[in-house]
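Chains as they are written, first to last, in my numbering: chain A, 341 to 538; chain B, 341 to 538.
Protein chains: 2
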Amino acid sequence: MSYPQTLEKLVESLCRFPGIGPKTAQRLAFFLLARPREEVVSIARAMVEAKDKLFFCSNCGCLTEIEPCALCRDSRRDRGLICVVQEPRDVLVLERTGQYHGLYHVLHGALSPLDGLGPEELRLPHLFSRIKENNVREVIIATNPNVEGDATAAFIARLVKPLGVTVTRIAFGLPVGGDLEYADDLTLSRALEGRREM
Amino acid sequence: MSYPQTLEKLVESLCRFPGIGPKTAQRLAFFLLARPREEVVSIARAMVEAKDKLFFCSNCGCLTEIEPCALCRDSRRDRGLICVVQEPRDVLVLERTGQYHGLYHVLHGALSPLDGLGPEELRLPHLFSRIKENNVREVIIATNPNVEGDATAAFIARLVKPLGVTVTRIAFGLPVGGDLEYADDLTLSRALEGRREM
């Protein structure tokens, strides 16, 4: 005897999530079966509703339910500042700090010629026209600290600087609360390189 | 700016799963948003369908879509053998070994007076009538190897033995593929206790 069919289907469905293997999927399935029907329906509905209502803002590329998004409409935000990130979730991460009050530009990836991700796919032409048309004074590049992210940052910097705009890269260094001893060499060299006078 | 409302609701929904915190929930949410609509709908539907179609077999207590369950209906299974387990998922785990061909009895818990789980709540009277009515010759107790599971096993053994039925407990010892060095003291003493002649 194997699983009853609907249980098998549920476990298979849950297995599609990243990082969830058959054992965890089975645990989640049994959890669902032990919950009241309304709760299961509400989780299922939240999934479909999110998929139906959320899309990417045509201006900045972040996730939104309205067009343009709340960030692009917010008149209190500094329109002279654009922070460039790779993914929509990066916007949420940065917003959580409460420290940034400019606008965003989500690339939905990083330059990667091998994967066919060139400047057009990353909406870079749209970034450049946003910069030109909106009197932007600084572009903060917050792509990931890896080969693709750095290459993308360099590419953007090369094209934006001639427009007379300041281009900055977020700082790399020791994570706060971390331990010098456990920092990898690359992070440590970047931390030395980026040292600031106290 | 916080999450768009539907995204927030989705992340909250996913957080209800055991072992899934806000960070993992956010990762899963973004995964869902990146999948085609049909796939999201199919996962959502699998959840509700499982909840709607699965119930517990009135005879053995395992998860099923039909009454009585496929295990109880299967004429090739040895009706003289009943394996007692705590949870419906334990049936699946044992079935996976392919080594057991008798029937099951799921208690849906273990004796725990503090939690109000007495013999009645665990369907123990039903187990005893199954044993009497079906000419059962052996009851294998596969409750968990902890205080509640052991107490439940002892309770069942005390009541079933007088019926002239053999009562056995699954073996405890070193997990296969494990390392003696890493076994805890209790497992090791149980392994010694349960030693068998070679």
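Ideal Cβ positions, reconstructed from N, Cα and C, are used throughout, including at glycine.
Predicted model only: the values in this text are computed from it and were never measured.
Who are the Cβ neighbours of residue i in its own chain at under 8 Å, not counting the five residues just before and after it?
| i | result |
| --- | --- |
| Ala369/A | Leu347, Leu350, Val351 and Leu354 |
| Ala531/A | Phe512, Gly513, Leu514 and Ala523 |
| Leu451/A | Leu457, Gly458, Pro459, Leu462, Glu488, Ala491, Thr492 and Phe495 |
| Gly534/B | Ala511, Phe512 and Gly513 |
| Val476/B | Arg419, Gly420, Leu421, Ile422, Arg470 and Val505 |
| Asn484/A | Gln426 and Ala450 |
| Lys472/A | Leu503 |
| Asp430/B | Val446 and Ala482 |
| Ile520/B | Here residue 520/B is Leu; the residue named in the question, Ile, does not match the sequence. Cβ neighbours of Leu520/B beyond the five flanking positions: Leu514 and Leu528. |
| Ala410/B | Thr404 |
| Gly518/B | none |
In terms of alpha-carbon separation, which member of the options lies closest to residue i?
| i | options | result |
| --- | --- | --- |
| Pro362/A | Phe395/B, Leu432/B, Leu526/B and Ser382/B | Leu432/B |
| Leu443/A | Gly449/A, Met538/A and Asn399/A | Asn399/A |
| Tyr440/A | Ile480/A, Ile496/A, Ser529/A and Ala493/A | Ile480/A |
| Met387/B | Ala374/A, Phe395/A and Ala390/A | Ala374/A |
| Tyr343/A | Leu526/B, Asn484/B and Pro428/B | Pro428/B |
| Thr539/A | Gly359/B, Asn486/B and Arg367/B | Given that chain A is displayed from residue 341 to residue 538, the structure contains no residue 539/A and the question cannot be resolved. |
| Asn486/B | Leu503/B, Leu499/B and Thr527/B | Thr527/B |
| Cys397/A | Ala390/A, Pro408/A and Lys391/A | Pro408/A |
| Cys412/B | Asn474/B, Gly438/B and Phe357/B | Asn474/B |
| Lys501/A | Glu478/A, Ser529/A and Ala390/A | Glu478/A |
| Glu389/B | Arg385/A, Asp392/A and Glu389/A | Arg385/A |
| Glu378/A | Asp519/B, Asp392/B and Glu435/B | Asp392/B |
| Gly438/B | Gln345/B, Glu537/B and Arg417/B | Arg417/B |
| Leu394/A | Phe357/B, Gln345/B and Ser415/B | Gln345/B |
Residue i lies in the alpha helix (DSSP H); which residues open and close that run?
| i | result |
| --- | --- |
| Glu348/B | Gln345 to Cys355 |
| Ile496/B | Val487 to Val500 |
| Cys412/A | Ala410 to Arg413 |
| Arg385/A | Arg377 to Lys393 |
| Asp525/A | Asp525 to Glu533 |
| Phe512/B | First-last for Phe512/B: undefined, no H or E at that position. |
| Leu373/B | Pro362 to Ala374 |
Beta-carbon within less than 7 Å of residue i's beta-carbon, same chain only, minus the 5 sequence neighbours each way: which residues are those?
| i | result |
| --- | --- |
| Ile383/B | none |
| Gln366/B | Val351 |
| Phe357/A | none |
| Ser415/A | none |
| Asp455/A | none |
| Asp525/B | none |
Within a Cβ cutoff of 6 Å, which residues of the same chain sit near residue i, ignoring the five residues on either side of it in sequence?
| i | result |
| --- | --- |
| Leu372/B | Val380 |
| Ala482/A | Cys423, Val425 and Ile510 |
| Leu559/B | Since the first residue of chain B shown is 341 and the last is 538, residue 559/B is not available in this structure. |
| Val507/A | Val479, Ala497, Val500 and Lys501 |
| Glu537/B | none |
Residue range of the beta strand (DSSP E) that residue i falls in?
| i | result |
| --- | --- |
| Ile422/B | Asp418 to Val425 |
| Arg509/B | Thr506 to Arg509 |
Decide if the segment 389-407 of chain B is in contact with the segment 391-407 of chain A; the criterion is three or more beta carbon pairs, one per stretch, under 8 Å apart. Short answer: they don't touch.
Check whether the segment 459-473 of chain A touches the segment 434-448 of chain A, taking contact to mean three or more Cβ pairs, one atom from each stretch, closer than 8 Å. yes
Runs of 3 residues minimum, wholly inside the segment 429-496 of chain B: which ones carry the beta strand (DSSP E) assignment? Listed in chain order, the beta strand (DSSP E) elements of length 3 or more contained wholly in the segment 429-496 of chain B are 442-446 and 478-481.
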